[in-house]
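Student: Using my numbering, read the sequence shown as starting at 124 and increasing by one per residue.
For glycine and all other residues, C-beta sits at the position ideal for the given N, C-alpha and C.
Since we're looking at a predicted model, the values are computed, not measured.
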Amino acid sequence: MMYEAVATAAQDSQANVLVADGDGVRLAVARTSLNDVFSQLWPNDLRTLYQDTLAQGGTYFQRYIHGSPVDGGAADIIRGADSLESVLYVYALETAGGNERLVILFASIAPLESTVETLRIQLTVITIIM
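(1) For F229, count neighbouring C-beta atoms within 10 Å of its own C-beta (all shown protein chains included) and say buried if the count is 16 or more, exposed if not.
(2) What would DSSP say about R170, mapped onto helix, strand or coil?
(3) What's the call for Q137, buried or exposed, on a 16-neighbour Cβ count within 10 Å?
(4) Can you tell me whether F161 is buried or exposed? The criterion is at least 16 other CB atoms within 10 Å of its CB, across all chains shown.
(5) Pop quiz: L150 and M125 are said to be a contact at Cβ under 8 Å. What is the actual Cβ separation, rounded to whole angstroms?
Right under this line is the structure:
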């Protein structure tokens, strides 16, 4: 059941999603891109990320450009963020049953300028064809 929910969330958000417990044990993983930073996360990394996220109030956000965190951050935990721009969102929570959970979303972001340029070219081609 959890894997299906994680897979759906990953597909809907076009992000890689990982769910772990507070001890760093992976419970479910779903990947939507080849930029797989999750394979490099060890249980100790996940425990550290969980504790850091709790210390920040339960949520953590980090933006990466060419694999380097913007404004510091989890540089030693997330390795291999090699796309032009990526984001990491982490949420720490406790389930109704009292279990600690860590939810991590990692996604590559297409630069807005290239998207706008692609749409501009498509509009030009469609205009010429019509």
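Tutor: According to the data block:
(1) Within the sequence shown, the letter at position 106 stands for residue 229. The residue in question, F229, is buried, as its Cβ has 16 or more Cβ neighbours within 10 Å.
(2) The count along the sequence shown starts at 1 and reaches residue 170 at position 47. Helix.
(3) To locate residue 137, count along the sequence shown from 1; it is residue 14. Q137 comes out exposed.
(4) Mapped onto the sequence shown, residue 161 falls at position 38. Per the 10 Å Cβ criterion, buried.
(5) Residue 150 sits at position 27 when you count from the first residue of the sequence shown. Residue 125 sits at position 2 when you count from the first residue of the sequence shown. Confirmed, Cβ separation roughly 6 Å.
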